[in-house]
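So the sequences go chain by chain: A and B. Residue numbers for the first sequence follow my numbering, beginning at 1 and rising by one. Residue numbers for the second sequence follow my numbering, beginning at 301 and rising by one. To start, the structure itself, in structure tokens.
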Amino acid sequence: MTTVRAPGVWKRSANLRIGFLYLLPSIILFAVFLFYPMIRTIYLSFFLTDQNGNAAVSVGFENYSYLLTSPAFLNSMKATGLFVLYTVPVGIILALFFALLANEKLKGIGFFRTMYSSTMGISVAASSVIWLFLFHPSVGVFNRILLVLDFPQIQWLLDPEWALVSIAISTIWMNTGFSFLILLGGLQNIDEHLYESSRIDGAGYFYRLRRITIPMLSPTLFFIITISLINAFQTFGQIDILTKGGPSQSTNLIVYSIYREAFINYQFGTASAQAVILFIIILVVTLLQFKLVERKVHYQ
Amino acid sequence: MKLLLLFLTVLSLAVLAACTNSDSSTKEEGTKGEDAKGEATKTEDGKVSIEFWHAMSGTGQTSLDEIVANFNESQDEYEVKAEFQGSYEESLTKLRSVGGTKDAPAITQVFEIGTKYMIDSGYIEPIQKFIDKNNFNVEELEQNILNYYKVDDELYSMPFNSSTPVMIYNKDAFKEAGLDPEKAPETFAEVINSAEKLTTGDMYGFSMLTYGWFFEQLLATQGGEYVNENNGRTGDATEAAFNSDEGRLVFRTLDTMNKAKTFGNFGTNWDDIRAAFASEKVAMYLDSSAGVAGAIETAPFEVGVAYIPHADEVKRNGVVIGGASLWMSKGIAEEEQEAAWEFMQYLTTPEVQAKWHLDTGYFAINPKAYEEENVKEKWAEFPQYKVTVDQLQDTVPGYATQGALISVFPESRQQIVTALEEMYQGKDPAEALEQAAEGTNRAIEVANKTKK
């Protein structure tokens with residue numbers, strides 16, 4: 001009666017251990033720069049902090065219940081939601097449109113490709129300052145144009161109805177370059193033969209766009225939608241420079257609200273709680289995307 | 301292999317631990333302070349060198365750099381290095397990371413509403429200590445400015461750039477509207493009336509920057525207090541007091557003009573409202589006394605400067621000091637503190653203050669500066685400058701005009717800004733003010749709960 005001894009746990013996990021070793025460098029980096037700050041943020045969100053930012057009074061979930069009933073924070077959430085709706089679809093459609101144009105083989109197309117992607121090379125701060133001048137109520141270009149065309153003047157950044165739209169316009173402009181470049185890369189990767197065969201079959205431009213270009217581009221589109229969504233949720237620089245969250249809190253997006261709570265009001269507890277809520281929102285949105293949208297993505 | 305793995309795990313732990321440790325050790329130094337004193341930094345030729353963090357940009361920075369250079373030349377023991385650290389908020393945030401350690405700058409300029417925060421922070425050495433030690437005559441300095449910075453009769457910081465609000469108006473527009481250009485409206489009701497007469501197709505009668513400071517001033521001039529416990533001067537404030545009749549009157553006055561379309565809303569940016577005045581889009585507006593020089597220079601019309609308006613029923617109480625003061629760090633070498641003290645004393649001399657006043661429009665903290673020849677000349681040419689000084693010296697001392705002392709001022713100001721903005725959009729003034737009071741109350745409550 002001899003039994004064959006199963007290999008020990010140590011032996012069986014050899015692959016796992018070696019795999020872990022390969023991962024170790026990135027795990028260490030992630031631990032130091034991501035996991036530790038994240039855990040610290042979650043920890044702080046259960047406290048009120050003193051003036052030096054140390055946890056002082058443990059309050060359990062009070063920070064969260066305060067935020068979820070605070071009109072100011074709910075307004076921030078609403079503004080952030082609207083901002084995402086304003087910027088992401090328009091930004092991507094615009095970038096796709098430019099990418100399709102720039103993908104045509106024309107003389108001198110390189111120049112246009114450079115121009116379309118040029119906004120990528122300008123920092124958020126620099127472009128915000130440019131937009132600040134464009135939106136200026138008395139000397140701004142937009143209001144000058146409206147004046148010449150005899151339209152009523154718009155208080156771009158001062159009117160709560162317009163401020164978020166104005167920020168959205170400038171954000172779309174800033175982000176188009178990056179989306180354009182990625183989408184153009186995706187378009188260039190589509191196999192030329194597909195178009196050739198479809199042309200032989202007599203397919204028109206829009207039929208090819210719908211049946212070949214979009215499906216073949218879908219992995220790239222999916223990537224750019226995910227990234228744009230996350231970016232839109234995390235918008236900060238242009239708010240800080242253009243409106244500082246005003247007027248009437250209409251542009252106080254969540255990240256700006258976190259910044260203000262932490263570094264102007266020195267309330268790291270509530271600021272951390274806001275950060276955790278933002279994290280959960282982005283997590284849910286991204287998961288939903290992977291569940292719902294990714295099914296439609298066509299991988300080669 | 302196993303060893304390597306172990307080694308890496310331990311290493312990563314050590315890195316993590318180091319991160320947490322460094323964090324807590326600085327904090328400890330911050331609270332102990334005294335023990336952490338280091339050697340004084342010296343230049344090659346043996347001068348004690350200190351850093352001076354400030355938040356002055358534009359003309360203020362130019363003038364300040366000149367003053368520092370003059371100080372460095374005037375003696376050969378000390379050398380001051382002035383460093384611009386961004387806005388008041390930004391420089392305060394930077395100070396928080398080094399406060400109380402030997403890396404902290406010897407002198408930091410902190411805005412007036414950070415006073416309570418600085419006292420509570422444990423980062424600083426009250427300058428009263430040096431005043432007593434060296435028998436420095438504080439009485440020479442402007443009493444109304446000292447009143448703000450004195451807490452429990454102790455001077456914690458050296459006042460430096462001080463300003464108050466004034467009403468600036470367009471004299472030409474007054475003439476056109478048939479008003480007396482030499483007599484600006486004095487009370488809220490008069491302002492409402494004049495604003496109506498001054499409003500034309502493309503000019504609003506009155507405007508005020510959407511900024512909490514102006515609300516505080518219009519409240520104080522009626523004798524209204526901002527928070528309880530006598531504006532936080534006789535104990536830690538526990539709740540807002542600005543949602544009183546006085547506060548509601550300020551909101552109602554602004555609301556009346558806004559509804560009558562005689563009030564122009566130019567947002568929260570100083571430059572925008574100043575540009576609006578210079579381009580004749582508004583006839584009267586409230587500005588800081590530090591903005592008077594700029595207004596006179598840029599406006600293509602005659603500029604008048606007047607006291608800020610007060611309520612019709614009560615006597616004028618006056619204005620509260622705004623601006624910033626200089627704080628000395630704790631935890632730095634004693635020689636460096638001496639150097640900082642020397643420099644602060646230099647700043648209070650009449651000559652330096654005269655230069656500062658003329659360059660920037662900020663007050664001279666030493667009234668003797670107003671007797672300097674160059675100041676007199678300038679005042680003769682531009683009598684508008686004198687109005688700002690008169691208004692300060694006419695101020696009735698009291699808890700209201702002494703200004704509120706709370707550590708959560710920045711947050712409370714934000715609440716007022718939101719309330720004003722919502723009112724301009726049509727919200728009921730009393731309701732908007734009440735909401736700001738609630739927000740302030742919560743901030744005060746949290747701050748008191750977490751105080752050591």
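Note that CB positions come from ideal geometry on N, CA and C, so glycine has one too. A quick note: this is a predicted structure, and the numbers were derived from the prediction, not measured.
For residue 384 of chain B, there is no enclosing alpha helix (DSSP H); the residue is found in the beta strand (DSSP E) stretching over 378-384. Non-local beta-carbon contacts of residue 137 of chain A in its own chain, meaning distances under 6 Å to residues more than five positions away in sequence, involve 155 in chain order. Between residue 78 of chain A and the set A:283, A:270, A:251, the nearest pair of CA atoms involves A:251. Of the residues B:522, B:504, B:685, the one whose Cα lies closest to the Cα of residue 702 of chain B is B:522. As a beta-bridge residue in DSSP terms, residue 586 of chain B pairs with B:467, B:508. Following the DSSP letters along the chain, one finds residue 354 of chain B inside the beta strand (DSSP E) bounded by residues 348-354. Bounds of the beta strand (DSSP E) holding residue 48 of chain A are 47-49.
Exposed is the label assigned to residue 189 of chain A, since fewer than 16 other Cβ atoms lie within 10 Å of its Cβ. Between residue 401 of chain B and residue 492 of chain B, the beta carbon gap of about 53 Å keeps them out of contact (Cβ cut-off 8 Å). Comparing alpha-carbon positions, the option among B:340, B:447, B:647 lying closest to residue 621 of chain B turns out to be B:447. Every unbroken stretch of the alpha helix (DSSP H) spanning 4 or more residues and falling wholly within the region 135-217 of chain A is given here in chain order: 141-148, 160-188, 192-200, 205-208. Taking the Cα positions, residue 266 of chain A is about 11 Å away from residue 389 of chain B.
Of the residues assessed, residue 149 of chain A falls on the exposed side of the cut-off, its CB having fewer than 16 other CB atoms within 10 angstroms.
The three-state secondary structure of residue 89 of chain A, taken from DSSP, is helix.
The residues 609, 610, 611, 612, in chain order, have a CB closer than 8 Å to that of residue 487 of chain B in the same chain once the five nearest residues on each side in sequence are set aside.
In this model, residue 139 of chain A and residue 722 of chain B are separated by some 26 Å (Cα to Cα). From the listed residues A:248, A:235, A:268, the smallest Cα separation to residue 256 of chain A is found for A:235.
Annotation: the continuous alpha helix (DSSP H) that includes residue 714 of chain B extends over 709-724. Interface with chain A (9 Å Cβ-Cβ cutoff): residue 566 of chain B is included. Under the 9 Å criterion on CB atoms, residue 396 of chain B is classed as interfacial with respect to chain A. Residues of the region 572-584 of chain B that bring their beta carbon within less than 9 Å of a beta carbon in chain A comprise 572, 575, 576, 579, 581, in sequence order. Judged by beta-carbon spacing, residue 363 of chain B lies beyond the 9 Å limit of residue 688 of chain B, meaning their Cβ atoms are not closer than that value.
In the structure shown, residue 619 of chain B falls within a coil segment according to DSSP collapsed to helix, strand and coil. Under DSSP, residue 450 of chain B shares a beta bridge with B:455. When beta bridges are read from the DSSP output, residue 461 of chain B appears opposite B:624. Annotated as distal: residue 630 of chain B and residue 350 of chain B, with beta-carbon spacing of 9 Å or more.
Taking CB atoms only, residue 274 of chain A has no neighbour in chain B less than 9 Å away. Counting every other CB atom within 10 Å of its CB across the protein chains shown gives residue 115 of chain A a total below 16, marking it as exposed. For the region 142-171 of chain A, residues whose beta-carbon sits nearer than 7 Å to a beta-carbon of chain B comprise 158, 160.
At a cut-off of 9 Å, the C-beta of residue 562 of chain B has no neighbouring C-beta in chain A. Here residue 415 of chain B really is in contact with residue 449 of chain B; their C-beta atoms are around 7 Å apart, less than 8 Å. By the neighbour-count definition (other C-beta atoms within 10 Å, threshold 16), residue 10 of chain A is an exposed residue. DSSP places residue 603 of chain B in the strand class (E or B) of the three-state scheme. Residue 169 of chain A and residue 648 of chain B have their C-alpha atoms spaced approximately 50 Å apart. Between the region 40-58 of chain A and the region 269-283 of chain A, the count of Cβ pairs shorter than 8 Å is three or higher; the stretches touch.
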